[in-house]
Amino acid sequence: MPLALLALAIGAFGIGTTEFVIMGLLPEVASDYGVSIPTAGYLVTGYALGVMFGAPLMTVLGTRVPRKRMLMLLMGLFIVGNLLSALAPAFAVMLIGRVVASLAHGAFFGIGSVVAADLVAPHKKAGAIAMMFTGLTVANVVGVPLGTLVGQAAGWRVTFAVVAALGVVGLLGVARLVPDVPRAEGVRLRHELAAFKNVQVLLAMAMTVLGFGGVFAAITYIAPMMTRVAGFADGSVTWLLVLFGLGMVGGNLVGGRFADRALMPMLYISLGALSVVLALFTLTAHDKVASAVTLFLIGALGFATVPPLQKRVLDHAHGAPTLASAVNIGAFNLGNALSAWLGGVVIAAGLGYTAPNWVGAVLAAAALVLAVVSATLERRGSASGGVVAGSVPAEQRSAAVHH
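Mapped onto numbering that gives the first Met the number 0, the consecutive letters of the sequence shown carry residue numbers 0 to 402.
What follows is the structure, encoded as structure tokens:
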């Protein structure tokens with residue numbers, strides 16, 4: 000794998016750390032600013048909304064900018080946002096810093112996925128995407144726990160300063176290691192938008208929302224589930240999340256490896272198994288060992304879907320995949336927000352802390368149904384020799400080969 004993927008993975012590590020570390024530091028931030036925990040929670044919500052809206056916005060703004068330069072600009076935005084959070088004199092300023100940092104998230108992963116795929120041979124594209132996303136998964140194993148410990152020991156502002164420094168390393172890595180490939184000729188914003196006429200692109204995004212939503216339906220409420228149902232001590236939640244993160248790392252690498260060989264079978268297996276494991280979590284959550292094993296499997300199976308779904312979007316967006324790739328990253332956050340809300344609804348209805356697992360199982364099963372529908376439509380299209388709707392003309396596809 001090219002060294003440029005290491006630079007992308009470092010950037011992904013910083014982004015993943017800043018996204019999730021705030022969850023472990025909410026009490027400290029709330030206390031410092033004199034706001035309630037629910038109010039401090041807007042720092043999580045604001046970031047997620049920034050990713051959703053920032054992904055297409057920043058990608059559209061960058062359509063006339065070479066991809067390497069755009070990745071550097073996005074890392075610069077990420078650094079500014081985290082420095083603003085670290086130095087914020089008031090809660091509102093910190094919220095602005097979080098939103099500024101989030102604007103880089105979706106576009107960095109979206110454009111980075113395209114760059115990573117273009118750096119390798121066609122049969123290694125999913126593996127290259129997985130390598131970049133390894134930075135995000137490792138952030139949950141290393142960056143988030145360490146960032147939480149640093150924030151609790153030295154102050155949360157130090158954590159965000161360190162994350163900004165990680166952004167500087169990522170920026171320098173992109174500047175030095177990512178090839179300076181000229182912007183493709185003949186591909187314009189209208190070609191990027193045309194990808195959304197392709198039903199396969201839309202189905203892949205819907206699978207992203209539902210499949211990863213299934214994971215976060217359970218994970219959002221993992222702390223009360225593990226402490227009040229499984230019987231773990233409050234201090235155990237950190238290492239349980241590390242275990243979940245290890246599952247993410249393994250699943251991401253396996254998903255990337257096998258998606259290059261058999262993409263749709265990989266999706267069938269991971270989504271089907273994820274649905275079953277989430278359903279079983281309602282039972283295994285009552286036992287410490289069984290719940291810990293299940294948590295690892297949820298991380299592994301959930302992230303095994305990421306490289307194949309991202310690659311499927313790139314494949315069907317043809318010669319203008321950048322915007323579709325970035326929007327698919329926003330779809331992950333939409334799934335997170337949707338599933339967290341649905342999980343809260345069933346808990347509020349008095350169905351217990353394990354009820355979100357059923358929500359997750361249903362969402363993952365719905366994603367599996369969409370995968371079957373997608374493959375069926377694809378086979379019918381191939382059999383009839385039809386042209387996939389929304390594809391970019393051949394001359395644009397040819398021009399985009401050297402993105």
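Backbone N, C-alpha and C fix where the C-beta goes; we use that ideal spot for every residue, glycine too.
- How would you call S30, buried or exposed, if buried means at least 16 neighbouring beta carbons within 10 angstroms? exposed
- Message: Please return the same chain residues whose Cβ sits closer than 7 angstroms to the Cβ of V228, not counting the five positions on each side in sequence.
- Response: A284, H285, Y352 and T353
- Item | Reduced DSSP secondary structure (H/G/I, E/B, other) of Y220 | coil
- Task: Please report the residue range of the alpha helix (DSSP H) in which N332 lies.
- Result: The continuous alpha helix (DSSP H) containing N332 extends over residues T321 to A347.
- At what residues does the alpha helix (DSSP H) containing A260 begin and finish? Position check: residue 260 holds Arg in this sequence, whereas Ala was assumed. Run containing R260: none; DSSP gives neither H nor E here.
- Message: So, with DSSP's three-state summary, where would you put P65?
- Response: coil
- Message: Please tell me whether Q309 and S112 are closer than 7 angstroms, where the distance is taken between their beta carbons.
- Response: yes
- What is the DSSP secondary structure of S390, counted as helix, strand or coil? Here S390 scores only 42 on pLDDT, less than 50, and its place in the model is too uncertain to base an answer on.
- Would you call the CB atoms of A106 and V200 closer than 7 angstroms? no
- If A8 and M130 are in contact, beta carbons under 8 angstroms, what's the gap, nearest whole angstrom? 6 angstroms
- Message: Could you compute how far the alpha carbon of N332 sits from the alpha carbon of V50?
- Response: 7 angstroms
- Message: Quick check on the burial criterion: 16 or more other C-beta atoms within 10 angstroms. Buried or exposed for I328?
- Response: buried
- So is I14 buried or exposed if we call it buried at 16+ other beta carbons inside 10 Å? buried
- Message: Does the contact criterion of 3 or more C-beta pairs under 8 angstroms hold for the stretch 202-222 versus the stretch 349-368?
- Response: yes
- Item | Residue burial classification, D259 (beta-carbon count within 10 angstroms, cutoff 16) | buried
- Which runs of the alpha helix (DSSP H) fall wholly inside the stretch 4-57 and span at least 4 residues, in chain order? 36-39
- Query: Where does the unbroken alpha helix (DSSP H) through P307 begin, and where does it stop?
  - Reply: V305 to H315
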